[in-house]
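A.B. asks:
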Amino acid sequence: MSDEYKYKAFISYSHADEKWAAWLHKALESYRPPKHLVGTHTSMGEVPERVAPVFRDREELASSTDLGADLTAALAASACQIVICSMSSAKSHWVNEEILAFKRLGRSDRIFSLIVEGEPYASGSPESEQFECFPLALRFKLHDNGELSDVPAEPIAADARPGKDGKNNARIKLLAGLLGVGFDDLRQRDLQRRHRRFAIITGAAIA
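Residue 727 is where the sequence shown starts when you use my numbering, and the numbers rise one by one after that.
As structure tokens, then:
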């Protein structure tokens with residue numbers, strides 16, 4: 727990822743999803759890309775040795791009318807944005823505002839979604855709209871004037887729900903997107919690491 731950015735990613739989330747945000751923050755910052763990929767150039771810039779730092783706001787936003795200078799600056803200083811998508815975040819005014827602010831920077835193609843509950847585009851039907859997990863600003867593109875349009879967008883999503891990608895594959899999908907590399911490139915490395923760890927644990931148990 728480009729060195730012009732202070733943060734590799736900005737995590738947007740409802741504070742009802744604090745546990746997911748804490749898990750994701752640690753999962754990203756503790757990850758080390760495969761050595762053979764480090765230094766290679768992708769659409770996201772040069773692959774770094776670590777995916778850090780990642781910005782996560784730990785404070786509840788005050789009841790103000792805008793995001794404030796600190797959050798606005800952090801968004802501008804982030805190479806990518808990751809939105810934790812849930813029924814809570816779909817209703818969050820501030821998550822929506824963070825997405826709008828990042829899109830207005832011209833980085834719509836650098837927004838990634840992590841679905842943790844609910845259903846994408848459930849708001850299309852009155853019977854299911856309460857299960858919507860995508861915030862409004864994620865579901866639609868912007869006009870040239872920076873205002874939200876009625877043209878549907880196609881969010882890039884990893885799905886951590888049971889029966890979908892699952893938590894681990896969702897993590898790898900997000901990392902692949904942030905780094906601009908193939909999912910299989912990281913998935914194979916992850917499997918090798920797991921096999922080595924299992925072999926060490928098994929050997930220790932036998933000993």
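Note that CB positions come from ideal geometry on N, CA and C, so glycine has one too. Since the model is a prediction, treat every value here as computed from it, not as a measurement.
1. Does Gly771 come out as helix, strand or coil in the three-state DSSP assignment?
2. Identify the continuous beta strand (DSSP E) that holds Asp796 and give its terminal residues.
3. Just to confirm before moving on: does the CB-CB distance between Glu824 and Ser740 stay below 8 angstroms?
4. Cα-Cα, which of Ser756, Thr768, Glu873 and Asp835 is closest to Pro779?
5. What are the partner residues of Phe838, as DSSP defines its beta bridges?
6. Measuring straight from C-alpha to C-alpha, what distance separates Val809 and Glu855?
7. Exposed or buried, which one is Leu912 when buried takes at least 16 other CB atoms within 10 Å?
8. By the three-class DSSP mapping on this structure, what secondary structure does Ala735 have?
9. For Thr768, which residues in the same chain have their Cβ closer than 8 angstroms to its Cβ, ignoring the five residues on either side in sequence?
10. Might you give, ordered along the chain, the residues of its own chain that have their beta carbon closer than 7 angstroms to the beta carbon of Tyr731, omitting 5 neighbours on each side?
11. Quick check: the Cα distance between Pro760 and Thr798, rounded to an integer number of angstroms?
12. For Ser849, which residues from the same chain have a beta carbon less than 6 angstroms from its beta carbon, with the 5 sequence-adjacent residues on both sides left out?
13. On the DSSP bridge assignment, give the partners of Leu874 in chain order.
14. Is it right to say Gly765 is buried, meaning 16 or more other beta carbons lie within 10 angstroms of its own, or is it exposed?
C.D. replies: Considering the structure as presented:
1. Here residue 771 refers to the residue found at position 45 when the sequence shown is read from its first residue. Strand.
2. Taking the first residue of the sequence shown as 1, we reach residue 796 at position 70. Element bounds for Asp796: not the beta strand (DSSP E) but the alpha helix (DSSP H), Ala795 to Ala802.
3. Reading the sequence shown from its first residue, position 98 is the one you call residue 824. Reading the sequence shown from its first residue, position 14 is the one you call residue 740. With contacts defined as CB atoms closer than 8 angstroms, Glu824 and Ser740 fail to qualify as a contacting pair.
4. In the sequence shown, counting from the first residue as 1, residue 779 sits at position 53. Checked all of Ser756, Thr768, Glu873 and Asp835; the closest Cα to Pro779 is Ser756.
5. Taking the sequence shown and counting its residues from 1, one reaches residue 838 at position 112. Ile808 and Ile882, per the DSSP bridge assignment.
6. Taking the first residue of the sequence shown as 1, we reach residue 809 at position 83. Taking the first residue of the sequence shown as 1, we reach residue 855 at position 129. Those two C-alpha atoms are separated by around 19 angstroms.
7. As a first step, residue 912 is located in the sequence shown; it is residue number 186 there, counting from the start. The residue is buried, with at least 16 neighbouring Cβ atoms inside 10 Å.
8. Looking up residue 735 in the sequence shown gives position 9. In the structure shown, Ala735 sits in a strand (DSSP, three-state: E or B).
9. Position 42 of the sequence shown, counting from 1, holds the residue named residue 768. Residues Leu905, Gly906 and Val907 of the same chain have their beta carbon placed closer than 8 angstroms to that of Thr768, with the five preceding and five following residues left out of the count.
10. Numbered from 1 along the sequence shown, position 5 holds the residue referred to as residue 731. Taken in chain order, the residues that qualify are Ala803, Ser804 and Ala805.
11. Here residue 760 corresponds to residue number 34 of the sequence shown, with the count starting at 1. Here residue 798 corresponds to residue number 72 of the sequence shown, with the count starting at 1. Approximately 32 angstroms, taken between the alpha carbons.
12. Residue numbering aside, residue 849 sits at position 123 when the sequence shown is read from its first letter. Take Ser849, set aside five residues on each side of it, and the residues of its chain with a beta-carbon closer than 6 angstroms to its own are Glu855 and Glu858, in chain order.
13. As a working mapping, residue 874 is identified with position 148 in the sequence shown. Leu868.
14. Here residue 765 refers to the residue found at position 39 of the sequence shown. Gly765 counts as exposed, since fewer than 16 other C-beta atoms from the protein chains shown sit within 10 angstroms of its C-beta.
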